[in-house]
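Beneath this line is the structure, given in structure tokens, with notes to follow.
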Amino acid sequence: MKTAKKMILCLAFLCLLRPALPACAEESAAQRGLEKIKTAYNWDCIVLPQEDSWLDEWKTLYARKAWYAPNLFVESMPMLKSGIPPQPFLFEGTEVTVLAEENELSCILYRHPDNRVYTGWIQSIRLLEDFPGPLYNLGTPREGETETLAFVQNEWSPGYLPGTEQHYTVLRETVKDCVGFELEYQLIAENTPNKWMVFGPRTVWVSDGENWTALGCFDYFENGTVRVSVRIPEPTDIAAIATVAHCHAPNMFDFRQWAEDFLIAK
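With my numbering applied, the sequence shown covers 262 to 527.
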């Protein structure tokens with residue numbers, strides 16, 4: 262009988278203590294970070310952060326411009342010049358998510374020009390809070406309420422844009438009644454010593470899956486990343502997006518582009 266009473270008292274005491282104990286159901290920063298990093302195409306090719314290096318709150322930052330190239334090296338471990346083969350390049354202006362910090366390096370998720378998400382380590386000083394390139398506005402904002410569709414998977418077209426030898430962006434899902442979006446663009450390889458041949462205005466085109474419509478031009482006369490806020494006067498279904506270069510060698514260079522933050526007319 263005494264033993265039963267002691268067990269009851271112990272259970273009651275533990276129940277009183279329970280609110281002060283951490284909830285087992287809550288994920289730790291390491292658990293959340295590991296779950297997120299596994300969405301990267303190459304997550305099993307890097308040295309993962311130590312348990313106490315994961316951040317409780319992830320950071321959204323942008324890649325700064327490299328000194329002598331349009332891209333930055335991404336390490337496979339939290340150490341510079343480790344000798345381990347690096348991960349795919351990180352290009353200027355690319356939005357990154359910082360999941361962990363260690364040895365003055367950041368473990369990041371980032372998007373490559375092939376439109377896959379990768380992970381790796383980069384010096385924290387190579388990341389900025391603000392987008393580093395010019396910001397352009399194209400078109401006049403339409404009046405009326407809108408809602409934002411932040412992400413739609415971008416894919417490169419299997420063939421060329423009609424009348425050119427350039428690939429374009431195909432959206433995995435057609436965005437209905439779109440009145441605007443954000444377009445990030447950057448020339449990443451001139452493929453010619455005569456750089457002047459690849460610079461000039463770019464026209465943004467959109468397709469509903471059948472017909473192409475020109476929305477206007479933005480300037481592009483020097484290397485670097487730009488972000489263009491595109492606005493469309495009337496709700497339009499968008500299945501694909503293209504940029505056409507007006508220059509002497511429009512089909513010679515390599516470029517990257519990404520569309521996001523689609524505005525949908527209510």
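Using N, Cα and C, we set each Cβ at its ideal position, and we do this for glycine too.
Requested in this report: Give the secondary structure of residue 313 by DSSP, where H, G and I count as helix, E and B as strand, and everything else as coil.
Outcome: helix
**Report entry** Sequence-distant residues of the same chain with beta carbon closer than 7 Å to residue 381, five excluded per side
**Finding:** 307, 335, 336, 337, 348 and 369
Query raised in the report: Name the DSSP bridge partner or partners of residue 320?
Result: 359
**Report entry** Backbone secondary structure at residue 488 - three-state DSSP
**Finding:** strand
**Report entry** Complete beta strand (DSSP E) runs within the region 365–396 (minimum length 3 residues, chain order)
**Finding:** 366–372 and 378–384
**Report entry** Beta-carbon spacing of residue 325, residue 388 below 8 Å
**Finding:** Going by C-beta atoms, residue 325 is nearer than 8 Å to residue 388.
Report task. Whole angstroms is fine: what's the gap from residue 459's alpha carbon to residue 385's? Result -> 32 Å
Query - Of the residues 437, 495 and 358, the one placed nearest residue 371, counting alpha carbons only - result: 358
Requested in this report: Compare the beta carbon distance of residue 452 and residue 417 with 8 Å and say whether it is the shorter of the two.
Outcome: no
**Report entry** Which residues DSSP lists as bridging residue 517, in chain order
**Finding:** 447
Query raised in the report: Looking at the unbroken alpha helix (DSSP H) that takes in residue 461, where does it start and where does it end?
Result: Residue 461 -> no alpha helix (DSSP H), and no H or E assigned at all.
Query raised in the report: Is residue 306 helix, strand or coil when you go by DSSP?
Result: Correct three-state label for residue 306: helix.
**Report entry** Inter-residue spacing [alpha-carbon to alpha-carbon] between residue 481 and residue 415
**Finding:** 22 Å
Query raised in the report: Taking Cβ to Cβ, would you say residue 520 is nearer than 8 Å to residue 422?
Result: Result no, Cβ atoms of residue 520 and residue 422 do not sit closer than 8 Å.
Query raised in the report: Which residue from 317, 483 and 455 puts its Cα closest to that of residue 361?
Result: 317
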